[in-house]
Amino acid sequence: MADIIGPARIENIEPPKPDYDVQLESLNQWQIAWRRFKRHRMAIIGSTMFLTMVAIGLVGPFVFQYDPNNIPVPDVKVNAGRPPSLAHLFGETGRLQLDVLTLVINGIRMSLLIGVIASALGAIIGTIVGGIAGYFGGWTDTILMRIVDALLSLPLLFVILAFSQFVGQGTGSWLTITIIFGLFGWLGIARLVRAVILSLREADYVDAARAAGVGDARIIFRHLVPNSLSPIIVATTLGVAGVIIGEAFVSFLGFGVDPSTPTLGNILSGSLEFINQGNWWWAFFPGAAIVIIVLGINFMGDGLRDALDPRARI
Amino acid sequence: MSRYIIRRLIGTIPTLFIVSLLIYAIMQAAPGGPEQKFDQNPKITPEQIAAFRHSWGLDQPIPVQYCRWVGLCNPDGQGLGVFISNNGLPNFLPSFLGGGTNGVLHGDLGYSSTSGSTVISLIAQRVLPTAILAGISLLVWILLALATGILAAVRQYGKADTAITVFNYVGFSFPTFWLGLMLILIFSQDLKILPASGMWNARTVPIFGSTEYWTFFGKNPGGALLDLGSHLILPVVTLVFVNIAGDSRFVRAAMIDSLNQDFVRTARAKGVPERTVIFRHALRNALLPVVTNVAIELPFLFAGAIATETIFSWPGMGLAYITAVRTYDYPVLMGILVITAIFVVIANLLADILYAVVDPRISYG
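Residue numbers (this note's numbering), protein chains in the order written: chain A, 1 to 314; chain B, 315 to 679.
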């Protein structure tokens with residue numbers, strides 16, 4: 001037997017050529033999620049809508065070079081403004097006769113900025129609070145979660161409304177209002193993070209980390225929080241839409257950002273006075289911008305949820 | 315079961331306590347105070363402001379202010395005696411047991427700092443309009459959510475399902491106040507068929523809630539209802555359009571879940587007509603989660619009418635809140651927040667209990 005399968009003969013045997021190509025890809029979690037996201041039709045539509053609005057907000061001021069602060073000589077005859085025309089695609093506002101298109105472009109940028117920053121701030125606070133509550137448990141958890149429960153039983157928009165008015169007196173800077181929204185926007189994320197960490201803190205790798213002498217803060221934020229990133233990303237994305245609508249409402253009522261800063265809510269607020277004179281274009285376009293942004297974010301958030309967290313469907 | 319209910323009832327006490335603490339803390343954290351309303355008035359002297367603060371007890375330490383507001387402390391007491399009521403018993407006891415009469419615990423929310431009337435009477439005037447708006451919206455909303463949800467579930471992935479899903483997403487993305495504005499533009503500015511704002515036609519109908527209104531209502535109920543109805547259409551449409559999405563999706567999910575159960579297949583195999591299968595077998599089971607979901611949403615509908623009320627000048631609690639924010643009327647603000655929070659906590663409790671009662675599969679120890 002030994003001389004039949006000699007070493008010389010083995011060298012002569014060529015490995016059989018496969019008649020097909022095997023390509024093994026190893027994909028990490030994010031690449032898999034990105035594949036699922038790309039296949040989600042609604043998510044792609046939503047992202048396109050959202051990114052288009054972002055692009056308009058960023059590039060728009062360079063394409064449509066009207067100065068929003070450039071106030072032409074008001075024409076007494078058309079106090080209520082002019083309807084859309086070729087010179088002013090979205091028409092002119094009443095009184096100061098500003099170009100509505102320019103206002104809306106700047107409003108989109110401001111509103112997106114406020115939405116993204118406030119939502120991110122809420123996510124950070126929520127992750128910290130949820131992480132601490134879930135990891136330490138016991139009394140810390142009870143007290144923190146009781147506070148979350150209590151805050152959730154308040155109508156938060158009411159509270160934000162009062163807070164914005166008392167802090168800014170209706171002329172707060174956009175950053176002030178953003179911070180207020182962030183300070184009241186962490187409750188949902190805190191609950192999410194706590195739930196994930198509660199289920200993971202007894203895992204072996206946490207014990208291993210602790211045995212290796214890793215500190216509590218590092219275990220929470222390096223070992224546990226990354227596992228709850230998926231729900232955090234989804235909630236933060238959807239949160240942007242919530243803040244944009246909320247800010248628009250607060251500013252619309254005149255309690256929010258200083259009226260000279262063009263947020264979508266402020267533009268709507270100004271239009272209210274001229275609605276009776278048939279000045280529909282002033283109110284229509286900023287509101288339509290809000291709807292497109294929010295619809296885009298909601299589609300995108302749903303796609304993200306399906307891609308990142310396929311089990312979490314209602 | 316009763317042990318579970320009692321345990322949950324006791325569990326609400328710390329929550330409500332923390333809620334009261336938070337409301338107070340948030341109002342303290344915001345700069346300014348009730349005296350902020352004199353800010354634009356050059357004739358007011360610092361002495362007058364100090365007198366104003368003293369007369370409202372705002373010169374007291376914050377814990378004392380909170381203690382008085384909640385009703386743990388007796389404002390007439392001195393030193394440690396603040397915890398003792400005028401009857402010589404602990405102040406937090408109910409009045410008929412010898413406790414005090416002041417503070418949230420005893421149903422006293424204080425006085426409005428602008429009009430001077432009690433907060434309770436102010437809110438009481440506003441409850442009925444809000445209840446009418448919220449109640450009718452809720453009715454329309456549940457019926458439509460059920461209808462669209464069932465249709466979408468039965469025709470899952472069909473044309474109707476897609477259309478309803480898109481409609482839900484669009485509705486969900488509308489800012490309430492902008493939708494209201496657009497409806498006013500179309501139906502009252504352009505077409506002039508519906509009133510833009512208010513709850514009654516000021517030219518022909520007396521003020522709602524006054525005795526004149528009810529005598530008018532008694533003489534001409536049809537006309538009064540027609541007037542009320544025409545003012546209700548736009549706010550109700552606004553509220554329903556924006557809020558229906560969540561429940562419609564919820565009903566759809568519950569119905570799909572229920573339609574895939576074994577008992578539905580059994581019913582179909584026995585030859586039960588499809589209509590009976592859907593409404594008798596599947597819907598009954600799908601309703602369980604829907605009922606509790608509605609109970610949880612109820613208070614938010616009540617409070618959520620705020621945006622709608624401001625657009626349509628509907629004289630409810632939302633409008634009262636906005637006015638109070640404008641005039642720095644802290645007692646009214648806190649009163650409305652307290653009442654809404656109590657409403658939310660009770661509704662959550664009811665939802666949990668309801669769920670345990672209607673679903674025999676769930677046992678609570």
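Note that beta-carbon positions come from the ideal geometry of N, C-alpha and C, so glycine has one too. The model shown is predicted, which means the values in this text are computed figures rather than measured ones.
For the alpha helix (DSSP H) containing residue i, list its first residue and its last residue.
| i | result |
| --- | --- |
| A/Asp302 | 280-308 |
| B/Cys387 | Unbroken run through B/Cys387: none, as it is neither H nor E. |
| B/Val418 | Per DSSP, B/Val418 belongs to no alpha helix (DSSP H) and is neither H nor E. |
| B/Tyr318 | 316-343 |
| B/Glu526 | 525-533 |
| B/Leu458 | 433-468 |
| A/Arg39 | 29-39 |
| A/Pro231 | 229-252 |
| A/Asp204 | 204-211 |
| A/Arg201 | A/Arg201 -> no alpha helix (DSSP H), and no H or E assigned at all. |
| A/Thr142 | 138-152 |
| B/Asn355 | Run containing B/Asn355: none; DSSP gives neither H nor E here. |
| B/Thr518 | Premise fails: B/Thr518 is in no alpha helix (DSSP H) and is neither H nor E. |
| B/Val578 | 576-583 |
| A/Gly265 | 264-271 |
Does residue i pass the burial test, meaning 16 or more other C-beta atoms within 10 Å, or should it be called exposed?
| i | result |
| --- | --- |
| B/Ile320 | exposed |
| A/Arg313 | Its pLDDT being 45, under 50, A/Arg313 is placed unreliably in this model, and the value from its coordinates should be taken loosely. A/Arg313 is exposed by the Cβ-count criterion. |
| B/Asp353 | exposed |
| A/Trp186 | buried |
| B/Glu361 | exposed |
| B/His595 | buried |
| A/Asp3 | Confidence at A/Asp3 is low in this model, with a pLDDT of 49, below 50, so the placement of that residue is unreliable and no value is reported for it. |
| A/Phe158 | buried |
| A/Ala211 | exposed |
| B/Ala438 | exposed |
| A/Met1 | Annotation note: pLDDT 44 at A/Met1 (below 50); position unreliable, no value reported. |
| A/Glu247 | buried |
| B/Phe692 | There is no way to answer for residue 692 of chain B, as the model of chain B reaches only from 315 to 679. |
Assuming the contact rule is C-beta atoms closer than 8 Å, residue i and residue j should be a hit. Round their C-beta distance to whole Å, please.
| i | j | result |
| --- | --- | --- |
| A/Gly91 | B/Trp492 | Incorrect: roughly 17 Å between the Cβ atoms, too far for contact. |
| B/Phe397 | B/Pro389 | Actually they do not touch by this definition, with Cβ atoms about 12 Å apart. |
| B/Val384 | B/Gly649 | About 13 Å; that fails the 8 Å criterion. |
| A/Ala43 | A/Gly303 | 2 Å |
| B/Trp370 | B/Ser427 | 7 Å |
| A/Met53 | A/Ala289 | 7 Å |
| A/Leu121 | A/Ser230 | About 20 Å; that fails the 8 Å criterion. |
| B/Met315 | B/Arg440 | At roughly 37 Å, the Cβ-Cβ gap does not stay under 8 Å, so B/Met315 and B/Arg440 are not in contact. |
| B/Leu542 | B/Met513 | 7 Å |
| B/Ile363 | B/Glu349 | 5 Å |
| A/Gly137 | A/Asn298 | A/Gly137 to A/Asn298, Cβ: 34 Å. No contact. |
Could you check whether the Cβ of residue i sits closer than 6 Å to any heavy atom belonging to the ligand MN?
| i | result |
| --- | --- |
| B/Ala343 | Only the bare structure without any ligand can be found here, which leaves the ligand MN out of the picture. |
Identify whether residue i lies in helix, strand or coil by the three-state DSSP scheme.
| i | result |
| --- | --- |
| A/Thr93 | coil |
| A/Ala2 | Confidence is the limiting factor: at A/Ala2 the pLDDT is only 47, short of 50, which leaves the residue's position unreliable, though a coordinate-based value still follows. Note: A/Ala2 maps to coil in three-state DSSP. |
| B/Pro674 | coil |
| A/Pro84 | coil |
| A/Asp258 | coil |
| B/Ile478 | helix |
| A/Gly172 | strand |
| B/Ile507 | coil |
| B/Pro360 | helix |
| B/Pro489 | coil |
| B/Tyr669 | helix |
| A/Asp99 | strand |
| B/Ile398 | strand |
| A/Arg313 | Caution is warranted here: a pLDDT of 45 is assigned to A/Arg313, below 50, making its placement in the model unreliable, and the coordinate value is therefore given only provisionally. Three-state DSSP puts A/Arg313 in coil, outside helix and strand. |
| B/Tyr471 | coil |
| B/Tyr642 | coil |
| B/Pro375 | coil |
| B/Pro404 | strand |
| A/Tyr20 | coil |
Taking only beta-carbon atoms, is residue i less than 7 Å away from chain C?
| i | result |
| --- | --- |
| B/Ala655 | Note that chain C does not occur in the displayed structure, where the protein chains are A and B. |
| Three-pair Cβ contact test at 8 Å for the region 161-171 of chain A versus the region 196-209 of chain A | no
| query | Are the region 648-655 of chain B and the region 327-345 of chain B in contact at 8 Å, needing three or more beta carbon pairs? | reply | Put simply, the region 648-655 of chain B touches the region 327-345 of chain B. At least three CB pairs are less than 8 Å apart.
| query | Do three or more CB pairs link the region 124-137 of chain A to the region 212-226 of chain A at distances below 8 Å? | reply | A contact exists between the region 124-137 of chain A and the region 212-226 of chain A.
| Stretch pair the region 367-383 of chain B + the region 186-197 of chain A: three plus CB contacts closer than 8 Å | no
| request: Could you say if the region 480-500 of chain B and the region 553-564 of chain B meet the contact criterion of at least three C-beta pairs nearer than 8 Å? | output: With the cut-off at 8 Å, the region 480-500 of chain B and the region 553-564 of chain B touch.
| field | Meets three-Cβ-pair contact criterion under 8 Å: the region 540-552 of chain B and the region 625-645 of chain B | value | These segments touch.
| Hey, is the region 561-577 of chain B in contact with the region 450-461 of chain B, meaning 3+ C-beta pairs nearer than 8 Å? | Taking 8 Å as the limit for Cβ pairs, the verdict is that the region 450-461 of chain B does touch the region 561-577 of chain B.
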